[in-house]
Amino acid sequence: MNFSIVSIFPDMLKNFIAYGLIDKAIEKKLVNIDVYDLRNFTTNKHKKVDDKPFGGGSGMVMKPEPFFNAVNHIQKKMKGKVILFSAYAELLTQKKVKELSDEDHLILLCGRYEGVDQRVIDEIVDEEISIGEYVLMGGEVAAEVILESVSRMIYGVVGNPESVKTDSFFYDNQFAFPQYTQPRDYKDLKVPEVLLSGNHRDIIEWRKRNIKRRKT
Ligand SMILES: C[S@@+](CC[C@H](N)C(=O)[O-])C[C@H]1O[C@@H](n2cnc3c(N)ncnc32)[C@H](O)[C@@H]1O
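This is how it looks when you write it as structure tokens:
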């Protein structure tokens, strides 16, 4: 699976992908991640990517040309689905994550400032995604969320594929259960007896009874 990420802070992402299972997935050639500096696609001397909003208002808006140029450049190499991160957009869910993991190539556009010129959204973006009902400084963290959640769905990225299937949300209404490890007794806080019993049927029942749910 291929990811192309466009950002004014490429180093944030390059640093992020140098760790953990993402780094290993790159090494194993299960995922390929290219990070592009949006400023390299500007057409002005000062590599300016933002300007004042027409009609007035606070803050700056990201100019259309660099995004058009960047996406054009990336699509020429390999066609892909273009996603822009926007706070107001459809919320990311595990169902959406699974859907995205079926794509061959995701092109992730990270906004900053007050957001992106509407013409980018109207012309070159296939889908807008929000990672939650709050406002971040930029789309980079959202891109990292996509990288982690979507890569996890790719066979071989997580060492034991079974562990992915028991994760929260993998199936509808599936949630994680409480986990314990050594020591059996920590400051008189004991691991539930049933988990030490070796009785798999009882353990499964106990886990079903104790699944973690969001308190709404
Ligand atoms: C400061 S925010 C802009 C917020 C925008 N003025 C609004 O009211 O929705 C700058 C950029 O951060 C990213 N961003 C902020 N919150 C996000 C969220 N919850 N999910 C995904 N991306 C987000 C988007 O790319 C956005 O263009």
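The working numbering numbers the first residue of the sequence shown as 6 and each following residue consecutively. Ideal Cβ placement from N, Cα and C applies to all residues, glycine included.
- A distance below 8 Å separates the beta carbons of V162 and L35.
- Taking E153 as reference, the option from E128, F46 and I38 with the minimal CA-CA separation is I38.
- L141 has its CB nearer than 7 Å to a heavy atom of ligand 1.
- K33 is classed as exposed because its beta carbon has fewer than 16 other beta carbons within 10 Å across all chains shown.
- In this model, R189 and G203 are separated by some 14 Å (Cα to Cα).
- By the CB criterion at 8 Å, I134 and I112 fall outside the cutoff.
- The criterion of a C-beta distance shorter than 8 Å is not satisfied by I10 and A94.
- Proximity of the beta carbon of V121 to ligand 1 is indicated: a heavy atom of the ligand is located closer than 7 Å.
- When C-alpha distances from K82 are compared across N20, F8 and D122, the shortest belongs to F8.
- Cβ contact annotation for A92 (same chain, cutoff 6 Å, sequence separation greater than five): S135 and V140, in chain order.
- In the DSSP secondary-structure assignment, V11 is bridged to Y41 and L114.
- Residue pairing for E198: DSSP places it in no beta bridge.
- DSSP places S154 inside the alpha helix (DSSP H), whose first and last residues are E145 to R157.
- Placement of the Cβ of S91 at a distance of less than 7 Å from at least one heavy atom of ligand 1 is found.
- Below 8 Å, enough C-beta pairs join the segment 63-73 and the segment 117-135 to call them touching: three or more.
- Taking 8 Å as the upper bound for CB-CB distance, V155 and L200 are not in contact here, some 32 Å apart.
- Nearest in C-alpha terms to M6, of all of K86, Y24, Y185 and D16, is K86.
- By alpha-carbon distance to D177, the top candidate from K103, V196 and L26 is K103.
- Taken atom to atom, the span from the alpha-carbon of I216 to that of M142 is near 35 Å.
- Set against 7 Å, the gap from the CB of G144 to the closest heavy atom of ligand 1 is smaller.
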